[in-house]
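Following: one structure in structure tokens, then a few remarks.
Number of protein chains: 2
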Amino acid sequence: MLLRVDHASDTPLFEQVAASVRTGAATGRIRPGDRLPSARDVAASLDVNLHTVLRAYQDLRDEGLVTMRRGRGAVLTEAASHLEQIHREVLDLVERARALGLSAHTLASFVKEIADDR
Amino acid sequence: MLLRVDHASDTPLFEQVAASVRTGAATGRIRPGDRLPSARDVAASLDVNLHTVLRAYQDLRDEGLVTMRRGRGAVLTEAASHLEQIHREVLDLVERARALGLSAHTLASFVKEIADDR
DNA sequence: AAACTGTTTGAGTAGTTATATAACAGAGGC
DNA sequence: GCCTCTGTTATATAACTACTCAAACAGTTT
Chain Y
1226 MLLRVDHASD TPLFEQVAAS VRTGAATGRI RPGDRLPSAR DVAASLDVNL HTVLRAYQDL
1286 RDEGLVTMRR GRGAVLTEAA SHLEQIHREV LDLVERARAL GLSAHTLASF VKEIADDR
Chain V
1226 MLLRVDHASD TPLFEQVAAS VRTGAATGRI RPGDRLPSAR DVAASLDVNL HTVLRAYQDL
1286 RDEGLVTMRR GRGAVLTEAA SHLEQIHREV LDLVERARAL GLSAHTLASF VKEIADDR
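In order, the protein sequences belong to chains Y and V. Start counting the first sequence at 1226; every next residue gets the next number (our numbering). Start counting the second sequence at 1226; every next residue gets the next number (our numbering).
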């Protein structure tokens, strides 16, 4: 199955769904132009509310990773084609920070601060 | 003043306080070995509750950026000496991602996912 | 028309955030 | 020793936000 979710996890369901899609795109399981499974299908197969899935999809749209139109579904954009490369760079940076005694949480707060400023 | 806070902002106060300290360390205004102003002083001068400041300090401790002991206060660790370099690398990465059509939010979610896995 | 798709609206619940007050306990100066 | 500084812990509470759910709505495709 493409998308997975852990109901016992402390990270929000919609965030897990979004993360699944990003990972799927970063590993090439989903490609630009591909349509994501419909929100209702995902909701049914993950035993999650429709709204929760749509919330995840909308976040991905806000990031520019998918386009959405009713009747047509959610489609992966060209921007997603570089996810793999960027994801690798993020891993490298986390590793480098770690070597300097800095946690991923510190990095996360830096990135978040930059992200929120726009 | 070293620490600043915007009561009207939508980001939590304790997070703003923590971010102030990180920025202060990244710009060399605070150095390893320096003691942060006492939580009570900060609370009074920012018109914020003591708990709010301590929450920020504790987060920084969890990240390994400060050590805390009662009677002595919160002291910046050696790890903080590399904050400037890492912060610059984060800015570079955000820039590179942006050039590929990826938002800082996408990056943030990657980093957060890595950070939460530990 | 029928069967899909996302969109919108509304609402309930749970968790987070910030506050306040108080008592506790280690560290250091006098 | 005593006083005052420091963070720590406990308890309570109000306001707010996040999260989830349900049902009706409106384009798109077949």
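Even for Gly, the Cβ is constructed at its ideal location relative to N, Cα and C. Small disclaimer: the values here were computed from a predicted structure and weren't measured.
- Under the Cβ distance rule, S1334 of chain Y counts among the residues neighbouring chain V, one pair being separated by less than 8 Å.
- Distance from L1227 of chain Y to R1254 of chain Y at the Cβ level is roughly 7 Å; contact confirmed, criterion being Cβ atoms closer than 8 Å.
- Judged by pairs of C-beta atoms under 8 Å, the region 1322-1334 of chain Y does not touch the region 1263-1279 of chain Y, as fewer than three such pairs exist.
- The C-alpha of A1244 of chain Y is placed about 11 Å away from the C-alpha of I1339 of chain V.
- At least 8 Å separates the CB of V1230 of chain Y from every CB of chain V.
- Rounded to whole angstroms, the Cβ separation of T1277 of chain V and G1289 of chain V is 21 Å, and the two are not in contact under 8 Å.
- In the three-state DSSP reduction, A1333 of chain Y falls in the helix class (H, G or I).
- Closer than 8 Å to the CB of I1255 of chain Y there is not a single CB belonging to chain V.
- By the rule that beta-carbons nearer than 8 Å mark a contact, T1236 of chain V touches chain Y.
- Taking each of Y:S1334, Y:A1304, Y:L1279, Y:P1262 in turn and checking the Cα distance to R1323 of chain V, the smallest one comes out for Y:A1304.
- Identification of chain Y residues near L1325 of chain V by a Cβ-Cβ cut-off of 8 Å yields A1304, H1307, Q1310, I1311, ordered along the chain.
- For L1301 of chain Y, the secondary structure class from DSSP, reduced to helix, strand or coil, is strand.
- Using a CB distance cut-off of 8 Å, V1242 of chain V does not count as an interface residue toward chain Y.
- Neighbours of G1249 of chain V across chain Y, judged by C-beta separation under 7 Å, do not exist; the nearest C-beta is about 13 Å away.
- Sequence-distant partners of R1260 of chain V (beyond 5 residues in either direction) whose C-beta falls short of 6 Å from its own C-beta, in its chain, are G1298, V1300.
- Within the model, the alpha-carbon separation for V1315 of chain V versus V1336 of chain Y is close to 7 Å.
- Unbroken beta strand (DSSP E) stretches of 3 residues or longer found wholly inside the region 1256-1316 of chain Y: 1291-1294, 1298-1301, given in chain order.
- Within the same chain, Cβ atoms closer than 7 Å to the Cβ of S1263 of chain Y are found at G1298, the five residues on either side in sequence being excluded.
- In the DSSP assignment, R1247 of chain V falls within the alpha helix (DSSP H) that extends over 1238-1251.
- Not flagged as an interface residue toward chain V: S1270 of chain Y, since no C-beta distance is shorter than 8 Å.
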